[in-house]
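To start, the structure itself, in structure tokens.
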Amino acid sequence: MSIEILEEYVPVFPKPSYMVVGIPDAGLVGVIATEYLIEKLGLKEFATLYAPGLLPPISHVKGGIAKSPIKLYHGNNLLVFHSWIAIPSEALYPISREIVKIAKKYGISRIISITGLPIEDRLNANTINAYWIGNSEEIAQEMEKINLMKKFGDGYIAGPYAPLLIEAKKENVNNFTIVVESFLDLPDPEASALALSILSKYIGFNISVDELMQEAEEIREKIKGLMAQTKAELPRYASGKPMTYA
1 MSIEILEEYV PVFPKPSYMV VGIPDAGLVG VIATEYLIEK LGLKEFATLY
51 APGLLPPISH VKGGIAKSPI KLYHGNNLLV FHSWIAIPSE ALYPISREIV
101 KIAKKYGISR IISITGLPIE DRLNANTINA YWIGNSEEIA QEMEKINLMK
151 KFGDGYIAGP YAPLLIEAKK ENVNNFTIVV ESFLDLPDPE ASALALSILS
201 KYIGFNISVD ELMQEAEEIR EKIKGLMAQT KAELPRYASG KPMTYA
């Protein structure tokens, strides 16, 4: 069950460069964020991923043209890995290893993942929190220093981004995950907006999330099919809240 990356061309990235990963999971926080990033920064598609033995038989159709639902985009010092399908749990480790291979091939400085952390009574939450999870002491020290998010603390992370943290560490590639409180099985553009605000401050680019907030309901309607497909995988994904003990 091989994984194939079909490149239309090979982009060159300046240093430092960053890979942002958006894979459907809780609240579709990551995939909404990367879709918005691609659109607003005018990132260019340069490659697609094929894994017929690992992924469900789904194609992404845009403008009447069917393509792989997993694509790679680039622009300036950004490489974006963007999936329009929920990845089955048995495919997560192979896909994670491929993401790390791509990062190493292009000399990426940091892999940055974006995910949701389901919380109770999300509907009535006036504010939501963001946490970081890193895969190295170097990342942990950096996150503490810049202080853009809270430390996740003790708990667990499961689903698409858990194996990526481990596989990246094995290959000495720095990876951290932006974890934002969210709905579980409803698209959460507001959580994505917070993640993008943090990401833009970290990397140093300007992006307005006003439209993302204004178009929240339209976005939810547009991607309800993806949420339904992701919801089927969610029982096999789970993320633990930060735990503290008195």
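For the sequence shown, the residue numbers in UniProt numbering are 1 to 246.
We treat Cβ as the ideally placed atom computed from N, Cα and C, and that holds for glycine.
None of these values were measured; they are calculated from a predicted model.
Within the continuous beta strand (DSSP E) that includes Ser83, where are the two ends? Within the sequence shown, residue 83 is the residue found at index 83, counting from 1. Start and end: Leu78 to Ser83.
Enumerate, from N- to C-terminal direction, the unbroken alpha helix (DSSP H) stretches of 4 or more residues contained entirely within the stretch 19–50. Within the stretch 19–50, the complete alpha helix (DSSP H) runs of at least 4 residues are 29–41.
Give me, in chain order, the residues of the same chain whose beta-carbon lies closer than 6 angstroms to that of Tyr161; leave out the 5 immediate sequence neighbours on both sides. Along the sequence shown, read from residue 1 onward, the residue named residue 161 stands at position 161. Setting aside the 5 residues that flank it on each side, Tyr161 is surrounded in the same chain by Ser113, Thr115 and Thr177, each with a C-beta closer than 6 angstroms to its C-beta; the list follows chain order.
Measure the Cβ-Cβ separation of His82 and Ile38 and say whether it is below 8 angstroms. On the sequence shown, residue 82 is found 82 positions in, with the first residue counted as 1. On the sequence shown, residue 38 is found 38 positions in, with the first residue counted as 1. Contact: yes.
Going by C-alpha distance, which of Glu190, Lys169 and Pro118 is nearest Lys104? Within the sequence shown, numbered from 1, the residue matching residue 104 stands at position 104. That would be Lys169, whose Cα lies nearest to the Cα of Lys104.
Whole-angstrom distance between Pro88 and Asp25, CA atom to CA atom: On the sequence shown, residue 25 is found 25 positions in, with the first residue counted as 1. On the sequence shown, residue 88 is found 88 positions in, with the first residue counted as 1. Distance between the alpha carbons of Asp25 and Pro88: 11 angstroms.
Keeping to the same chain, check which residues put their C-beta closer than 8 angstroms to that of Glu35; ignore five residues upstream and five downstream. Along the sequence shown, read from residue 1 onward, the residue named residue 35 stands at position 35. Within the same chain, Glu35 has close Cβ partners Gly22 and His82.
Which residue comes first and which comes last in the beta strand (DSSP E) that contains Lys62? Along the sequence shown, one-based indexing puts residue 62 at 62. Segment His60 to Lys62, the beta strand (DSSP E) holding Lys62.
At the level of alpha carbons, what is the spacing between Ile102 and Gly134? Residue mapping note: residue 102 aligns to position 102 of the sequence shown, counting from 1. Residue mapping note: residue 134 aligns to position 134 of the sequence shown, counting from 1. Roughly 19 angstroms between the two C-alpha positions.
Secondary structure of Tyr245, DSSP reduced to three states: Residue 245 sits at position 245 when you count from the first residue of the sequence shown. Because Tyr245 carries a pLDDT of 30, less than 50, the predicted location of this residue cannot be relied on, and no value is offered for it.
Quick check on Tyr131: does DSSP put it in helix, strand or coil? Translated into the one-based positions of the sequence shown, residue 131 becomes position 131. Reduced to three states, the DSSP call for Tyr131 is strand.
Looking at the structure shown, is Ser239 part of a helix, part of a strand, or coil, going by DSSP? Taking the sequence shown and counting its residues from 1, one reaches residue 239 at position 239. For Ser239, the predicted model reports a pLDDT of 47, less than 50, meaning its position is unreliable; a value from the coordinates is still stated below. Looking at Ser239 - three-state DSSP - the assignment turns out to be coil, as it is neither helix nor strand.
Taking only three categories from DSSP, how would you classify Ser96? Taking the first residue of the sequence shown as position 1, residue 96 is located at position 96. DSSP places Ser96 in helix when its eight states are reduced to three.
Would you decide whether Leu6 is buried or exposed? Buried here means 16 or more other CB atoms lie within 10 Å of its CB. Working through the sequence shown from its first residue, we reach residue 6 at position 6. So Leu6 counts as exposed.
For the putative contact between Leu55 and Ile85, defined by C-beta atoms under 8 angstroms, what is the C-beta separation to the nearest angstrom? Stepping through the sequence shown from its first residue, residue 55 is reached at position 55. Stepping through the sequence shown from its first residue, residue 85 is reached at position 85. Indeed they touch by this definition, with Cβ atoms about 7 angstroms apart.
Given this structure, state the Cα-to-Cα distance separating Lys241 from Ala91, to the nearest angstrom. Residue mapping note: residue 241 aligns to position 241 of the sequence shown, counting from 1. Residue mapping note: residue 91 aligns to position 91 of the sequence shown, counting from 1. Here Lys241 scores only 44 on pLDDT, less than 50, and its place in the model is too uncertain to base an answer on.
Determine the direct distance from the alpha carbon of Ser59 to that of Leu49, and round the result to whole angstroms. In the sequence shown, residue 49 corresponds to position 49, counting from 1. In the sequence shown, residue 59 corresponds to position 59, counting from 1. Near 11 angstroms, if we compare the C-alpha coordinates of Ser59 and Leu49.
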